Amino acid sequence: MLYPYCKLLNILQQDKAWLFQVIHSLAYLVQFWNNHENTQLAAKILFRLEKRWNDWEQPLLLLSCLLHPEYRMKQFKDNLDINYTTFNKWLIYYYQAWSEKESACILCEFNDFCLKKYPFDNNTYKQFNGNIWRYWYYAKDSTNELGFVACRLLGICVTAASVERLWSCMGFLQSNR
Numbered sequence: 005m006l007y008p009y010c011k012l013l014n015i016l017q018q019d020k021a022w023l024f025q026v027i028h029s030l031a032y033l034v035q036f037w038n039n040h041e042n043t044q045l046a047a048k049i050l051f052r053l054e055k056r057w058n059d060w061e062q063p064l065l066l067l068s069c070l071l072h073p074e075y076r077m078k079q080f081k082d083n084l085d086i087n088y089t090t091f092n093k094w095l096i097y098y099y100q101a102w103s104e105k106e107s108a109c110i111l112c113e114f115n116d117f118c119l120k121k122y123p124f125d126n127n128t129y130k131q132f133n134g135n136i137w138r139y140w141y142y143a144k145d146s147t148n149e150l151g152f153v154a155c156r157l158l159g160i161c162v163t164a165a166s167v168e169r170l171w172s173c174m175g176f177l178q179s180n181r
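Set out below in structure tokens:
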């Protein structure tokens, strides 16, 4: 029963854990508990997972999946309420919150991303060997606003595990005394 949690913690405690991996992790846990034989326990765990999901800032997590060049809308194809236009308001909101400027062209740039126009095409992304942050850092120079939001979003630290490891290592070098 603990195996799925250990597996996810190993992924999410890496130095290069991304926000979209949090969504993958939650989806994996939901799938695990939906197929679990103990339905009463599963219902309680699913209730807690749902509560945790509602406590988070969901648009950030969803945008991290949407702005992934391999995923785009594939992750949301079964949900009729989620489409590219539902993300527009979130993109505008985060751009204005983070840059303290009014958005002028983020929707046009986002449309180019949706249509896979250069530099948002798959061939360009493949040249970065799956490093999504390096890809967006490159694409940022071709955009005025969308690249800024993507780089800022992908720069969000998912875990403090690397800092905790550093403090543990420092304990071997220098004690409180």
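Just so you know, we're using the numbering used here here: the sequence shown kicks off at 5 and counts up by one.
Don't be surprised by glycine CBs; every beta carbon is placed ideally from N, CA and C.
It should be emphasised that the depicted structure is a prediction, and the values quoted were computed from it without experimental measurement.
Assigned secondary structure, residue i (DSSP; H/G/I helix, E/B strand, else coil)
{"i": "E54", "result": "helix"}
{"i": "F132", "result": "coil"}
{"i": "Y142", "result": "helix"}
{"i": "Y80", "result": "The identity of residue 80 in the sequence shown is Phe, whereas the question assumes Tyr. Helix."}
{"i": "P8", "result": "helix"}
Which listed residue (the options) has its alpha carbon closest to that of residue i
{"i": "A101", "options": "E74, W22, L6, E149", "result": "E149"}
{"i": "R156", "options": "L64, N126, N135", "result": "L64"}
{"i": "V34", "options": "W22, K48, F24", "result": "K48"}
{"i": "N127", "options": "C173, A143, A154", "result": "A143"}
{"i": "L12", "options": "N115, L30, W60", "result": "L30"}
{"i": "H40", "options": "D19, R52, M5", "result": "M5"}
{"i": "T90", "options": "T163, Q62, C173, W57", "result": "Q62"}
{"i": "Q191", "options": "L66, K55, N87, N92", "result": "Here the chain comprises residues numbered 5 to 181, so residue 191 is not present and cannot be evaluated."}
Contact check, residue i vs residue j, beta carbons under 7 Å
{"i": "Y99", "j": "I110", "result": "yes"}
{"i": "L182", "j": "W140", "result": "No answer is possible for residue 182: the residues shown for the chain start at 5 and end at 181."}
{"i": "C69", "j": "I96", "result": "no"}
{"i": "P73", "j": "F36", "result": "no"}
{"i": "E113", "j": "T147", "result": "yes"}
{"i": "I136", "j": "L23", "result": "no"}
{"i": "F124", "j": "F132", "result": "no"}
Boundaries (first-last residue) of the alpha helix (DSSP H) holding residue i
{"i": "V162", "result": "Careful: V162 lies outside any alpha helix (DSSP H) and carries neither H nor E."}
{"i": "K93", "result": "88-103"}
{"i": "C118", "result": "110-118"}
{"i": "F152", "result": "150-158"}
{"i": "S68", "result": "62-70"}
Any chance you could list the alpha helix (DSSP H) runs of at least 4 consecutive residues sitting entirely within the region 14-58, in chain order?
The region 14-58 contains, as complete alpha helix (DSSP H) runs of 4+ residues, the segments 23-38 (chain order).
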